[in-house]
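Working notes for the structure below.
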Amino acid sequence: MASTNFVDYVKIFCRSGAGGPGSMHLHRDKRSAKGGPDGGNGGCGGHVILKGNRNYWTLIHLKFQRHVYAEDGESGSGNLCTGADGKDVIIDVPLGTVARDADTGETICEITKDEELCVAVRGGRGGLGNWNFRSATNQTPRYAQPGEPRVERSVILELKVLADVGLVGFPNAGKSTLLSVVSAAKPEIANYPFTTLVPNLGIVNYRDNRSFVMADIPGIIEGAHLGKGLGLRFLRHIERNSVLLFMVPSDSEDIHGEYKILLNELKQYNPELLDKKRLLAISKSDFIDKELMAEMEKDLPDIPYVFISSVTGSGIMELKDMLWRVLNEE
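Offset between the sequence shown (1-based) and the working numbering: plus 347.
Here you go:
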């Protein structure tokens with residue numbers, strides 16, 4: 348099932364490498380019995396690094412990799428030899444991943460670009476060898492610095508789908524059907540609520556070989572910000588969409604009312620979502636005639652709107668034109 352292949356939330360235990368201790372060493376050979384201090388520095392411990400990878404779209408590859416350990420740095424040695432640094436551990440994550448400290452809730456970083464790197468847990472620095480502590484009054488220091496200890500941290504990785512256009516609507520509003528018509532995506536479509544259990548992405552082809560990305564977000568119901576329905580789990584995916592396309596079916600009893608409910612759920616979840624550009628698509632318009640459309644237009648929200656039918660294709664090109672204009676507005 349699709350839901351088993353989509354993971355957008357994992358908690359992993361990360362441990363960086365400890366820094367290697369510096370060396371306390373005094374040079375001795377057959378020509379110099381008292382050659383002085385020559386202890387080298389310890390190597391740095393390895394980091395745990397997150398790396399953006401556009402080829403990933405889910406965190407499922409981390410579902411069973413809950414413990415990540417980086418290598419410790421090696422200790423320094425005589426003849427001013429520095430210990431080897433511990434190897435870093437690089438974790439590939441999909442674009443749109445947010446890393447947070449599980450204990451404090453502090454945001455560590457957000458990965459939004461391919462090949463972008465973020466140090467989730469920093470390795471310890473290596474200690475200084477006794478060569479670094481020599482002075483005119485202390486020509487033979489007999490001590491060295493220990494390396495910094497390793498750092499342990501539980502990190503929550505949370506995926507927020509990146510898309511140009513996010514589809515927002517109640518269950519069975521026709522979001523999945525629209526995505527299947529305008530792109531090559533194949534979301535599950537059925538005549539019952541909550542058919543879509545995971546976000547689906549599709550690349551929408553536009554004129555002159557141009558395109559944009561559309562995301563089908565699972566249906567929202569009243570009280571979603573309190574955890575009802577699929578709740579908060581998928582509301583966060585809307586945060587990463589440039590434009591929100593609200594979808595309300597033409598057979599709805601109150602289109603304006605449903606739009607207000609959806610808008611309120613977004614506001615209650617995150618008021619900043621109201622700053623995003625909003626459009627309205629009245630779906631399933633093949634059920635109504637032009638006379639009824641004109642009557643419905645009198646009580647529609649004060650945002651750009653279009654009547655569409657994914658079955659007949661009516662209004663689809665007009666919708667694409669509208670979305671493209673809004674996406675490219677300065």
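Just so you know, even glycine gets a beta-carbon here, dropped at the ideal spot from N, CA and C.
Taking the alpha carbon of F593 as the point to measure from, which residue in K623, K434 and E638 has its own alpha carbon closest?
Stepping through the sequence shown from its first residue, residue 593 is reached at position 246. The residue with the shortest Cα to Cα distance from F593 is K623.
Whose CA, out of S657, R625, P493 and T659, lies closest to the CA of M669?
Start at 1 with the first residue of the sequence shown, and residue 669 comes out as number 322. The shortest Cα separation from M669 among S657, R625, P493 and T659 belongs to R625.
Who are the near neighbours of E463 in its chain, counting only those whose CB is closer than 6 Å to its CB and skipping five residues on each side?
Translated into positions along the sequence shown, residue 463 becomes position 116. Excluding residues within five positions, the ones whose Cβ falls inside 6 Å are G399.
Among F480, T454 and V466, which residue has its Cα nearest to the Cα of D385?
Sequence index remark: in the sequence shown, residue 385 carries index 38 (1-based). For the residues F480, T454 and V466, the minimum Cα distance to D385 belongs to F480.
My assumption, with CB atoms under 8 Å, is that G369 sits in contact with G420. Please give the rounded CB distance.
By 1-based counting over the sequence shown, the position of residue 369 is 22. By 1-based counting over the sequence shown, the position of residue 420 is 73. Actually they do not touch by this definition, with Cβ atoms about 11 Å apart.
On the DSSP letters alone, give me the boundaries of the alpha helix (DSSP H) that S523 sits inside.
Your numbering for residue 523 matches position 176 in the sequence shown. That run of the alpha helix (DSSP H) goes K522 to V529.
Put N400 into one of helix, strand or coil per three-state DSSP.
If you number the sequence shown from 1, residue 400 lands on position 53. Of the three classes helix, strand and coil, the one that applies to N400 here is coil, per DSSP.
Report, in whole angstroms, the separation of the C-beta atoms of I458 and L397, which I expect to be a contact under 8 Å.
Sequence index remark: in the sequence shown, residue 458 carries index 111 (1-based). Sequence index remark: in the sequence shown, residue 397 carries index 50 (1-based). Contact flag correct, Cβ pair sits at about 6 Å.
If distances are taken between C-alpha atoms only, which option among T659, V673 and R413 comes closest to G504?
Along the sequence shown, read from residue 1 onward, the residue named residue 504 stands at position 157. Residue identity check: residue 504 is Leu in the sequence provided, not Gly. Out of T659, V673 and R413, R413 has the C-alpha closest to the C-alpha of L504.
Do you know offhand how far A641's Cα is from E612's?
The count along the sequence shown starts at 1 and reaches residue 641 at position 294. The count along the sequence shown starts at 1 and reaches residue 612 at position 265. Each residue's Cα considered, the two are about 28 Å apart.
For E605, which residues in the same chain have their Cβ closer than 6 Å to its Cβ, ignoring the five residues on either side in sequence?
Here the question's residue 605 lines up with position 258 in the sequence shown. Within the same chain, E605 has close Cβ partners V595 and S599.
Buried or exposed for K667, please, with buried defined as at least 16 other CB atoms from any protein chain shown within 10 angstroms of its CB.
For the purposes of this step, residue 667 is taken as residue 320 along the sequence shown, with counting starting at 1. With 16 or more Cβ atoms within 10 Å of its Cβ, K667 is classed as buried.
Out of curiosity, what's the CA-to-CA distance linking D601 and R500?
Position 254 of the sequence shown, counting from 1, holds the residue named residue 601. Position 153 of the sequence shown, counting from 1, holds the residue named residue 500. The straight-line gap from Cα to Cα measures roughly 50 Å.
In the DSSP output, what is T454 paired with across the bridge?
Taking the first residue of the sequence shown as 1, we reach residue 454 at position 107. R447.
If you draw a straight line from the C-alpha of P540 to the C-alpha of S527, how long is it?
Indexing the sequence shown from 1 puts residue 540 at position 193. Indexing the sequence shown from 1 puts residue 527 at position 180. With a pLDDT of only 45 at P540, under the threshold of 50, the placement of this residue in the model should not be trusted, and no figure is reported.
Can you name, in chain order, every residue of its own chain whose Cβ lies under 8 Å from the Cβ of L621, other than the five neighbours on each side?
The residue you call residue 621 lines up with position 274 of the sequence shown. Cβ neighbours of L621 beyond the five flanking positions: L610, L613 and K614.
Could you tell me whether the Cβ atoms of G366 and E495 are closer together than 9 Å?
In the sequence shown, counting from the first residue as 1, residue 366 sits at position 19. In the sequence shown, counting from the first residue as 1, residue 495 sits at position 148. Yes, they are a contact pair.
For N477 and R375, I'd like the C-alpha separation in whole angstroms.
Against the sequence shown, residue 477 aligns to sequence position 130. Against the sequence shown, residue 375 aligns to sequence position 28. The alpha-carbon atoms of N477 and R375 are separated by roughly 15 Å.
Is the region 508-516 touching the region 644-652 in the sense that three or more CB pairs, one from each, lie closer than 8 Å?
Short answer: they don't touch.
Which runs of the alpha helix (DSSP H), 4 residues or longer, sit entirely within the region 354-422?
None, since the region 354-422 contains no complete alpha helix (DSSP H) of that length.
For N675, name the three-state secondary structure that DSSP assigns.
On the sequence shown, position 328 is the one that residue 675 refers to. Here N675 sits in coil by DSSP.
Would you kindly work out how many angstroms separate the C-alpha atoms of L582 and F559, rounded to a whole number?
The residue you call residue 582 lines up with position 235 of the sequence shown. The residue you call residue 559 lines up with position 212 of the sequence shown. Approximately 21 Å, taken between the alpha carbons.
Taking the continuous beta strand (DSSP E) assigned at E499, which residues delimit it?
Walking along the sequence shown from the start, residue 499 turns up at place 152. E499 -> beta strand (DSSP E) spans E499 to L506.
How far does the alpha helix (DSSP H) with A641 in it extend, from its first residue to its last?
In the sequence shown, residue 641 corresponds to position 294, counting from 1. Looking at the DSSP string, the run of the alpha helix (DSSP H) that includes A641 is K637 to M643.
With 16 as the cutoff for other CB atoms within 10 Å, does G576 come out buried or exposed?
Counted from its first residue, the sequence shown places residue 576 at position 229. In this predicted model, G576 has a pLDDT of only 48, less than 50, meaning its place in the structure is not dependable; the value taken from the coordinates is given anyway. Buried is the call here.
Three-state secondary structure (DSSP) at D511?
For this step, residue 511 is matched to residue 164 along the sequence shown. If DSSP states are grouped into helix, strand and coil, D511 belongs with the strands.
On the DSSP letters alone, give me the boundaries of the alpha helix (DSSP H) that G624 sits inside.
For the purposes of this step, residue 624 is taken as residue 277 along the sequence shown, with counting starting at 1. A small fix is needed here, since residue 624 is Lys in this sequence, not Gly. It is not in any alpha helix (DSSP H) - K624 instead sits in the beta strand (DSSP E) that spans K624 to S630.
Output needed for E638: all residues of its chain with C-beta closer than 7 Å, excluding positions within five of it in sequence on either side, in chain order.
As a working mapping, residue 638 is identified with position 291 in the sequence shown. No residues qualify anywhere along the chain.
Considering G604, what are the terminal residues of the alpha helix (DSSP H) in which it resides?
Taking the first residue of the sequence shown as position 1, residue 604 is located at position 257. Note, G604: alpha helix (DSSP H), I602 to Y616.
Work out the CA separation of I608 and L647 for me, nearest whole Å.
Position 300 of the sequence shown, counting from 1, holds the residue named residue 647. Position 261 of the sequence shown, counting from 1, holds the residue named residue 608. Cα to Cα, L647 sits roughly 14 Å from I608.
Can you give me the start and stop residues for the beta strand (DSSP E) that I345 sits inside?
What the structure shows of the chain is the stretch from 348 to 677, and residue 345 is not part of that stretch, so it cannot be assessed.
Can you tell me the Cα-Cα spacing of P395 and V502, whole angstroms?
Translated into the one-based positions of the sequence shown, residue 395 becomes position 48. Translated into the one-based positions of the sequence shown, residue 502 becomes position 155. Contrary to the premise, residue 395 reads as Val rather than Pro in this sequence. Distance between the alpha carbons of V395 and V502 is about 11 Å.
Between the alpha carbons of V529 and I663, how many angstroms are there, rounded?
Within the sequence shown, residue 529 is the residue found at index 182, counting from 1. Within the sequence shown, residue 663 is the residue found at index 316, counting from 1. Cα to Cα, the separation comes out at about 8 Å.
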